[in-house]
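**Q** Here it is: the structure, laid out below.
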Amino acid sequence: MKRIVLARHLSRVALAGALLAAAGVVSGAQAGVYQQCGKASWYKLGGTTASGERANPNQLTAAHRSLPFGTLVDVTNLANGKTVTVRINDRGPFAKGRVIDVTWAAAKELGFVRRGITRVKLSSKAGKISSEYKQICQ
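If you want it as structure tokens, here you go:
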């Protein structure tokens, strides 16, 4: 009986890994390291964020679909090499093909306010991230 339960558990783990691989996320070699590549945009949000704090476009914060609130993420603009550290405090982006929405202040630091969208690499070594992810950026 224990073997059947263990086999079911292992097949679920394998399925989860396959889904991550299909989504473009490949298992990394270092524990607790998160890397993701894709498009970033900036937004000038008013009101409150999904974490409940007051939105401030002048702070270095960002919206991500799944990273825990409070996670510090290094965002590197692949067009010019500029990097800024942002804190995740909101959910999004909701536009297809984008991996992060940063505030106006973060976009200014990264040098893409005029363009509005750029290719970025996200990386974090936060202990809060339970899984290992790595994606190679081009």
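Taken in order, the sequence shown gives residues -31 to -1, 1 to 107; the numbers are from mature numbering (1 follows the signal peptide of the UniProt record, and there is no 0). Idealized CB from N, CA, C, for every residue including glycine.
Exposed or buried, what is residue 62 when buried is set at 16 or more other beta-carbons lying within 10 Å of its beta-carbon?
**A** Taking the first residue of the sequence shown as position 1, residue 62 is located at position 93. That one is buried.
**Q** Should residue 87 be labelled buried (16 or more other beta-carbon atoms within 10 Å of its own) or exposed?
**A** What you label residue 87 is simply residue 118 of the sequence shown in a count that begins at 1. Residue 87 comes out buried.
**Q** Once you ignore the five residues that flank residue 80 on each side, which residues in its own chain have a CB closer than 7 Å to its CB?
**A** For this step, residue 80 is matched to residue 111 along the sequence shown. If we look at residue 80 and ignore the five residues flanking it on each side, its Cβ neighbours are 46, 49, 51.
**Q** Mapping DSSP to helix, strand and coil, what is residue 90?
**A** The count along the sequence shown starts at 1 and reaches residue 90 at position 121. Strand, per DSSP.
**Q** Measure the Cβ-Cβ separation of residue 21 and residue 68 and say whether it is below 7 Å.
**A** Position 52 of the sequence shown, counted from the first residue, corresponds to residue 21. Position 99 of the sequence shown, counted from the first residue, corresponds to residue 68. No, they are not a contact pair.
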